[in-house]
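What follows is a single structure, written as structure tokens, with notes after it.
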């Protein structure tokens, strides 16, 4: 039987996690849109609110020509534009009552917080998933802090890419599918389908969450029936009934979002299956790029997953953690590995696997939470104390502290100074005849150059190292100082925003104090001892 003791305390802890990271991410947010991807999605939101259409104005030139004459549409999916609707409305309302403020600036400020919400939601979902896996609240909290502060998710909470939303919806869909099959509640499966469908609406690659999760539901249904003890003929009938009903409910939840995807594709391209960058030639793929793409996504100094999140190296240092996690949740282990391989192999095909202006391997951001789950076994499985003297245990802990500290400092460097400064400088210097390779040369990697830029800012200098470099595109503006909205805010409203930031910081301290109290409460055991996921 599932022990429900302490579930109320766990629910409060999940909400505290969400509030803590939401306030924290709002405090460290950029407060404006700095990449063309985000600008285009922002314009789609504005057009929906102001004109009730998804067709872009021709003067923007940020999209693709539709099948009808003189029509222009966004490259990108609708998910983030729709998610930003409430924030756009809030910003517009504030701008209308704040007579002295620039309406465009206030509306963009409000809209730019969409990823702060999504990243905070991702951390809350991850924390809840840790509890459902049977981890203690202490372990779940440390893992969540590692996810939220020690990975590129922190930087992308202030950026304009849609990957935090894709990760939040995808992981939420997996969690509700797991709960639905475990507790035999179709309502959770309906929620799962809805979240996974919304993830596909956000970004096409979320199909790598959707399809494997449906397969997991089928396999889990078969496992439950096999454990039922009935004769083979009855087992087959029971399996078909349970698997069909479970998958059907998931699909029903996803249908509204999938229909929206098909409609939007039809409007843009004339086909419900023709969508996004791949359909319009934005990316070129080749099987010969797979090995190079895989190495680049995982280990390159410019985009490597392990370079930008060094604490993930603990998976290689403590490989037994992977085995222990497999024993804890076999079905979920297979599901997680499948999702990760789908993302890695898909993006390894891209010639542009590195992407130009992003911090770290943004394309595979959604799989980072999946890779972190097994690290809970290091504490829960006794890997720090097993088969070793006190000195060995101390050495193991020191390694953990060093890698976690490195991960935190790496993300902090990208939070304080706009990382796009270096990438744009490289682009211009290369056009002027230099050859600077940021992905394979550690000296030119953003991991190193970010600290150079930070040093210049602290010294009161321009973070752009090369003299005479200018950036003329108004949609690509970035900060040349501390990249925090309340510290870098221009004009007469700067003081108002700094006071707001101080209030946020005070609230953050209160929420963190409340969060700490959850460590002292008994953890709710939400996973049966014999449950294998």
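Residue numbers (the working numbering): 235 to 767. We put the beta carbon where it would ideally sit given N, CA and C, even for glycine. In this text, all values refer to a predicted model and were calculated from it rather than measured experimentally.
Do you know offhand how far residue 312's Cα is from residue 592's?
21 Å
Report the rounded CA-to-CA distance for residue 443 versus residue 408, giving the unit in angstroms.
8 Å
Check whether the stretch 397-411 and the stretch 422-431 touch, using three or more Cβ-Cβ pairs below 8 Å as the test.
When C-beta atoms of the stretch 397-411 are compared with those of the stretch 422-431, three or more pairs fall below 8 Å, so the two segments count as touching.
Alpha carbon to alpha carbon, how far is residue 683 from residue 265?
23 Å
Provide the residue span of the alpha helix (DSSP H) that contains residue 606, from first to last.
Per DSSP, residue 606 belongs to the alpha helix (DSSP H) from 602-606.
I'd like to check one pair, residue 504 with residue 587: are the Cβ atoms closer than 8 Å?
No, they are not a contact pair.
Please classify residue 451: is it buried, with 16 or more other beta-carbons within 10 angstroms of its beta-carbon, or exposed?
Residue 451 counts as buried, since at least 16 other C-beta atoms from the protein chains shown sit within 10 angstroms of its C-beta.
Just the C-alpha distance for residue 572 and residue 582, rounded to the nearest angstrom, thanks.
15 Å
Taking DSSP's pairing of strands, which residues face residue 619 in a bridge?
Paired residues: none, contrary to the question.
With 16 other CB atoms within 10 Å as the buried threshold, where does residue 307 fall?
buried
Can you look up residue 279 in the DSSP assignment and give me helix, strand or coil?
Reduced to three states, the DSSP call for residue 279 is helix.
Which whole-angstrom value is the C-beta distance of residue 645 and residue 388, which I expect to be below 8 Å?
With a Cβ gap of about 5 Å, residue 645 and residue 388 count as contacting.
In whole angstroms, what is the alpha-carbon distance linking residue 346 and residue 598?
22 Å
Name the DSSP beta bridge partners of residue 297, please?
308
Counting only beta-carbon separations shorter than 8 Å, does residue 540 have a partner in chain B?
Absent here is chain B; the protein component of the structure consists of one chain.
Per the contact definition of three or more C-beta pairs closer than 8 Å, is the stretch 308-327 in contact with the stretch 275-284?
Segment contact: the stretch 275-284 against the stretch 308-327, three or more CB-CB distances shorter than 8 Å; contact assigned.
Inspect the beta-carbon positions of residue 651 and residue 697 and report whether they are closer than 8 Å.
Cβ atoms of residue 651 and residue 697: closer than 8 Å.
DSSP three-state label for residue 250, please.
In the three-state scheme derived from DSSP, where H, G and I count as helix and E and B as strand, residue 250 is classed as helix.
From residue 628 to residue 487, what does the alpha carbon distance come to, in whole angstroms?
50 Å
Consult DSSP for residue 570 and reduce its assignment to one of helix, strand or coil.
Helix, per DSSP.
By a C-beta neighbour count over all protein chains shown, 10 Å radius and 16 as the cutoff for buried, is residue 601 buried or exposed?
buried
Out of 484, 288, 399, point me to the one whose CA is closest to residue 421's CA.
484
Given this structure, state the Cα-to-Cα distance separating residue 665 from residue 578, to the nearest angstrom.
31 Å
Do you know offhand how far residue 362's Cα is from residue 349's?
When the Cα atoms are used, residue 362 and residue 349 turn out to be separated by approximately 20 Å.
Scan the stretch 344-432 and note each continuous alpha helix (DSSP H) run of 4 residues or more that stays entirely inside, going in chain order.
Here the runs fully enclosed are 348-366, 371-384, 387-390, 397-417.
Please state whether DSSP places residue 675 in a helix, a strand or coil.
coil
Since residue 640 and residue 605 are thought to touch, with beta carbons under 8 Å apart, how far apart are those beta carbons, to the nearest angstrom?
No, residue 640 and residue 605 are not in contact; Cβ-Cβ is about 17 Å, not under 8 Å.
Just to check my reading of the structure: residue 559 and residue 608 have Cβ atoms closer than 8 Å, yes? What is that Cβ distance to the nearest angstrom?
4 Å
Could you tell me which of 634, 534, 746, 748 sits nearest to residue 673, measuring between CA atoms?
534
Check whether the Cβ atoms of residue 576 and residue 398 sit closer than 8 Å, and answer yes or no.
no
How big is the Cα-Cα spacing for residue 438 and residue 694?
43 Å
Tell me whether residue 658 is buried or exposed, calling it buried when 16 or more other Cβ atoms sit within 10 Å of its Cβ.
It is buried - the Cβ of residue 658 has at least 16 other Cβ atoms within 10 Å.
Who are the Cβ neighbours of residue 611 in its own chain at under 7 Å, not counting the five residues just before and after it?
Result list for residue 611: 555, 558, 559, 617, in chain order.
On the DSSP letters alone, give me the boundaries of the alpha helix (DSSP H) that residue 599 sits inside.
That residue, residue 599, is in no alpha helix (DSSP H); it is neither H nor E in DSSP.
How many Å lie between residue 584 and residue 394 at the Cα?
21 Å
Quick check on the burial criterion: 16 or more other C-beta atoms within 10 angstroms. Buried or exposed for residue 418?
exposed
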